[in-house]
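Below is one structure, written out as structure tokens; the observations come after it.
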Amino acid sequence: MEKSDAFKIFAMVGDRGSISGAARALGESKVTVSRAVSRLESLYNVRLVERTTRRITLTEVGSVLHARCIRIREEMEDADAEIATYRSSPAGILRIGCTSDVAKTLLTPNLPEFLANYPEIDVRVRVGERLLPESNILDVVLHCGWLSDSRLTARKIAEVKNILVASREYVQANGIPTSPDDLEDHAIIGNFYLDAAAIEPGPLPAYVPRLEISRGQERFTLPTYRRFLSTDHSQILELVKHGRVIAPITGIWALPGLLSGELVRILPDYEISESPQLYALYLDRLASIPKLKVFLDFIEEVVKRLTKEWQPQADKLFPKQNLVLFPSINFHTRNDS
0 MEKSDAFKIF
10 AMVGDRGSIS
20 GAARALGESK
30 VTVSRAVSRL
40 ESLYNVRLVE
50 RTTRRITLTE
60 VGSVLHARCI
70 RIREEMEDAD
80 AEIATYRSSP
90 AGILRIGCTS
100 DVAKTLLTPN
110 LPEFLANYPE
120 IDVRVRVGER
130 LLPESNILDV
140 VLHCGWLSDS
150 RLTARKIAEV
160 KNILVASREY
170 VQANGIPTSP
180 DDLEDHAIIG
190 NFYLDAAAIE
200 PGPLPAYVPR
210 LEISRGQERF
220 TLPTYRRFLS
230 TDHSQILELV
240 KHGRVIAPIT
250 GIWALPGLLS
260 GELVRILPDY
270 EISESPQLYA
280 LYLDRLASIP
290 KLKVFLDFIE
300 EVVKRLTKEW
310 QPQADKLFPK
320 QNLVLFPSIN
330 FHTRNDS
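Residue numbers are given in numbering that gives the first Met the number 0: position 31 of the sequence shown equals residue 30, and the series is strictly consecutive.
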């Protein structure tokens, strides 16, 4: 094993505080990670870590080396990024993180096209909740939600329209609400994230607004159902389809059910007050890398294509109640030939 590889591994060991955590993050075996630590200890004839059954603690000299290893890792990444800008075509490994919702809707159906367009880019995808772009782990994370201030660079791809929907079965059994006051007696799924402390590789700088609807100057906070919470909107949509709840669902996800009559839009004259955004998150030092730039442009084009495909159907279904699937995308059916 090269010393530079051992340095990168040790940097991750210090970041994660465990051999197994570093191995998962790097996609290596625990044996490989443990050997890298042992090699450095043997090379410098010092103890770098104190091992327990579950975690490791850096010794004083281990902490010094860990700080150096982080700098070495960053210098190597900066060199890779700078050299990459001189290439005539995008190339290399692109590590993408996203939630299951984004993977299902945007990424998975369009990856074959991206791979065909850029034959020199190899793609690695990690699906999970509240992922962060991280050196040598994830180059870019597609996040749909709400962000607070962050050290990360965030490129907004699109605003995402959420609407309240219920199943036809639910409406037949419980009646259809005609005002916000009617919702007091209904089961409504709210906005939700899992506990950030339980999520690797780290807490996303996000917040979750209360579920509110508005019309003009009117604003109402909705009561929320506590028996079921999930970060996976496909699970929430299934609960809606089974006639259990009303829920805020992304418009483009709900539209097929609305068109078929399986779903019913609730209070279409009201807007959900704070729309989530689709962001691409990445470290600032990676912004100029060609493989990242073409991927971000590609995802923006995918959203525009989805808008062009589905917006005319939304306009036809709700001619008087505006349902703009991606409000920040400039698309008007009346100007489209």
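Don't be surprised by glycine CBs; every beta carbon is placed ideally from N, CA and C.
Alpha-carbon spacing of V32 relative to G127, whole angstroms: Computed Cα separation, rounded: 23 Å.
S338 versus I235 - alpha carbon distance: Absent from the model: residue 338. The displayed extent of the chain is 0 to 336, so no value can be given.
Residues bridged to S341 (per DSSP): Residue 341 lies beyond the range of the chain shown here (0 to 336); nothing can be said about it.
Inter-stretch contact (C-beta, 8 Å, three-pair minimum) for the region 260 to 274 and the region 316 to 328: Yes, the region 260 to 274 is in contact with the region 316 to 328.
Per-residue DSSP class, three states only, for R50: In the structure shown, R50 falls within a strand segment according to DSSP collapsed to helix, strand and coil.
Alpha-carbon to alpha-carbon, N44 and T98: Each residue's CA atom was taken as its position, placing T98 and N44 some 44 Å apart.
Cut-off 7 Å between Cβ atoms - residues of its own chain near I36, not counting five sequence neighbours on either side: It is worth fixing the name first, because residue 36 is Val in this sequence and not Ile. Hits under 7 Å: F9, V12, L47, V48.
Between the CA atoms of I69 and I245 - distance to the nearest angstrom: If I take the Cα positions, the gap works out to 48 Å.
Beta-bridge pairing of K155 - partner residues as DSSP gives them: Beta bridge pairing from DSSP links K155 with Y278.
First and last residue of the uninterrupted beta strand (DSSP E) at H232: It is not in any beta strand (DSSP E) - H232 instead sits in the alpha helix (DSSP H) that spans 232 to 240.
First through last residue of the alpha helix (DSSP H) which encompasses A165: For A165, no alpha helix (DSSP H) segment is defined; the enclosing uninterrupted segment is the beta strand (DSSP E) at 161 to 166.
Proximity winner among T249, G260, E74, relative to E158 (alpha-carbon distances): The shortest Cα separation from E158 among T249, G260, E74 belongs to T249.
Helix, strand or coil at G256 according to DSSP, with G and I counted as helix: It is helical.
Touch test, the region 129 to 143 against the region 279 to 290, Cβ-Cβ under 8 Å, three pairs minimum: With a cut-off of 8 Å, the region 279 to 290 and the region 129 to 143 count as touching, because enough Cβ pairs lie within range.
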